[in-house]
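Protein chains in written order, with our numbering: chain W, 804 to 974; chain E, 26 to 215.
Here a beta-carbon is modelled for each residue, glycine too, at the ideal position from N, C-alpha and C.
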Amino acid sequence: MNSMNSIVDDLKGKFDIINVVFPDDMQMAVDVDKNDVHTVLSYLKTIGYKQLSLMSGVDWIKENEFEVVFIVFNWDNGIHILLRTRLDRENPVFRTITGIYPGAQYYERDIHEFFGIEFEGNPMSYKDLFLELWDEMPPMRKDFDPLAYSQDKFPERKYESQFIPEVGVIK
Amino acid sequence: MFNIVEDTQKTREDTRKTWEKIADYFRANSIWMKWYCTGCGAMEMPPTMTSRFDMEQLGMGPMATPRQADVLLITGYLSAKTLRRVIYSYEQMQDPKYVIGFGSCTLNGGIYFDSYATMTRLDHYIPVDLYIAGCMPRPEAIMNAFDTLIAMIKKGEAKGWKHYQDNYEWYNANQIHSLKEVRVKDEFHE
C-alpha cells in the first residue's frame with residue numbers, strides 16, 4: 804500500500820488528477836481529463852508500466868458521455884493502474900495512443916467498431932475487425948436494440964406451441 | 026418409338042437408383058467428419074473421438090480439411106462472420122455431404138437468440154440433415170446422433186445436399202438477406 808500511495812502522490816504532484824479510488828489491493832483507478840491522458844500514459848510507461856493490459860469503452864448514456872478505460876500493468880511491483888477519461892457522446896473523438904503503446908492498435912479498432920469513437924491519427928482504426936459489412940449504429944451503444952436487429956436480419960424458427968403448461972412446472 | 030425412349034429413361038432411372046443404394050451402403054460405413062469449432066460445443070468432441078467413447082467403433086474418423094470430409098459438424102453458435110466461412114467450407118465439400126447441427130444455438134439461437142451477431146437457425150443457410158438438441162449435448166448424445174445419421178444414409182434419407190442443389194436460389198437469398206454478401210473480404214484475403 805505504501806508504494807501505491809507514493810505513486811498517487813507522485814501523480815497528483817505532476818498532473819491534474821480528478822479522482823483516485825482503490826478497487827482492490829495492488830489496483831488503483833485514476834480519473835483524468837482527456838487532454839492529460841497522453842502525458843500521464845507516457846509518464847507511467849517511463850516509470851515501469853510497460854504493459855497495456857486492456858483498453859475499452861463504456862457508454863454512459865444518461866450523462867451523455869463515453870468513457871475510455873486504459874489498464875496498465877507494472878511487472879516489477881505487480882500494480883495495475885486503471886486510467887479513465889470521459890468524452891462527449893455527440894462528438895466522440897480521441898487522439899490515438901498507438902505512439903505510446905503500439906499494442907493499442909487492435910483495441911482502437913475494436914472501440915471504433917463497437918462504440919463509434921474515432922481515433923485521430925490512426926487510419927487503421929477505421930477498418931473492420933469483428934463486424935463485417937456493418938451498416939447500423941455501433942452495437943455496444945446503449946440505444947442500440949439487438950433483439951430488433953436480430954429479428955430483422957436473422958429469421959427465427961417458428962414453433963406451433965411455445966410452451967406446454969403441464970410439463971412446465973416440475974414439483 | 027416414343028415408348029421406347031420412355032422405357033430407356035425409366036431403366037436408366039432404375040439403374041441409377043440401384044447404384045445409389047449400393048453407394049449409400051458403402052458411404053454409411055466409412056464417414057470422415059470435419060467439425061467446425063465455432064462455439065463451446067467443440068469441447069465435447071475430444072471425449073467422443075478418443076478412447077472414452079471412441080467414435081471409430083462406428084467407422085468414423087476425424088478429417089482435417091472440408092474437401093476430404095463427408096460430414097460437417099457445426100458445433101455451437103454461429104456468428105455472421107463465421108457463417109461466411111462455414112458456407113465456404115460447405116461449398117468446398119464434395120457430394121455427397123451431410124451436415125449435423127450441434128446444440129440449441131444452431132436450432133433456434135439458444136441463449137444468444139437476441140444477439141446482433143449470431144444466427145438463430147442454421148437450416149436457413151445450409152441444409153441440415155440432423156440436429157442434436159441440448160446445451161451442450163453429451164458425448165452419448167453425439168454417438169447416438171452418429172448412429173442415426175448412419176441409419177439415415179443407409180436408407181437414403183440424408184438428402185440435404187440434393188436439396189441444396191435443387192433449392193440453391195432459396196438458400197442463396199437467405200444468405201444474402203442475413204449477410205449482404207457471402208464473399209469473404211478481410212485483411213487476410215487482400
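Query, Result
"Per DSSP, cross-strand counterpart(s) of W:Ile820", "W:Val835"
"Counterpart residues of W:Glu921 in DSSP-defined beta bridges", "W:Val896"
"Neighbour-count burial assignment, E:Phe213, 16 or more Cβ in a 10 Å radius", "exposed"
"Span of the alpha helix (DSSP H), counted from its first residue to its last, around W:Val840", "Val840 to Thr849"
"C-alpha gap between E:Ser114 and W:Ile914, whole angstroms", "30 angstroms"
"The region 160-194 of chain E: positions lying closer than 8 angstroms to chain W by Cβ", "none"
"Chain W contacts from the region 117-149 of chain E (Cβ-Cβ distance under 8 angstroms)", "Leu132, Asn133, Gly134, Phe138, Asp139, Ser140, Tyr141, Ala142, Thr143, Met144, Thr145, Arg146 and His149"
"Span of the beta strand (DSSP E) around E:Leu155", "Leu155 to Ile157"
"Cβ-based neighbour list, E:Tyr156, same chain, cut-off 6 angstroms, excluding 5 preceding and 5 following", "Gly126 and Leu132"
"CA-to-CA distance, E:Ala158 to E:His188, given in whole angstroms", "22 angstroms"
"Cα-Cα separation, W:Leu885 to W:Glu893", "25 angstroms"
"Continuous beta strand (DSSP E) assignments of at least 3 residues falling wholly in the region 131-175 of chain E", "155-157"
"Contacts of E:Ser203 in chain W (Cβ-Cβ under 7 angstroms)", "Lys956 and Phe957"
"E:Leu103 - DSSP class collapsed to helix/strand/coil", "coil"
"The region 101-108 of chain E touching the region 57-70 of chain E, judged by at least three CB pairs closer than 8 angstroms", "yes"
"Closest by C-alpha distance to W:Val835, when choosing among W:Val871, W:Asp879 and W:Gly860", "W:Val871"
"Alpha helix (DSSP H) segment containing E:Ile201, residue limits", "Tyr193 to Leu204"
"Proximity of E:Gly185 and E:Pro152 at Cβ, strictly below 7 angstroms", "yes"
"Run of the beta strand (DSSP E) containing E:Phe87, from where it starts to where it stops", "Reading off the sequence shown, one finds Pro at residue 87 of chain E, where the question assumed Phe. Its beta strand (DSSP E) spans residues Met85 to Pro87."
"Cα-Cα separation, E:Lys210 to W:Pro941", "20 angstroms"
"Min CB distance E:Lys106 to chain W below 7 angstroms", "yes"
"CA-to-CA distance, W:Pro826 to E:Ser76, given in whole angstroms", "47 angstroms"
"Separation of E:Thr143 from W:His883, as counted between CA atoms", "34 angstroms"
"Member of W:His841, W:Ser856, W:Phe876 and W:Phe897 whose CA lies at the smallest distance from the CA of W:Met807", "W:Phe876"
"Contact under 7 angstroms by Cβ, W:Pro905 with W:Phe869", "no"
"Chain E within 7 angstroms of W:Arg912, Cβ atoms only", "no"
"Pick from E:Arg110, E:Arg109 and E:Met80 that is closest to E:Pro164, judged by C-alpha positions", "E:Met80"
"Residue range of the unbroken beta strand (DSSP E) whose run includes W:Leu859", "Reading off the sequence shown, one finds Ser at residue 859 of chain W, where the question assumed Leu. That run of the beta strand (DSSP E) goes Gln854 to Trp863."
"Closer than 7 angstroms to chain E by CB, W:Leu855", "no"
"Pairwise C-alpha distance: W:Val843 and W:Ser856", "16 angstroms"
"Close beta carbons around W:Lys945, own chain, < 7 angstroms, minus the five adjacent residues each side", "Asp862 and Ile864"
"Partner residues on chain E for W:Pro949, Cβ-Cβ distance less than 8 angstroms", "Asp139, Ser140 and Tyr141"
"Range covered by the alpha helix (DSSP H) that runs through E:Thr63", "Element bounds for E:Thr63: n/a, residue is neither H nor E."
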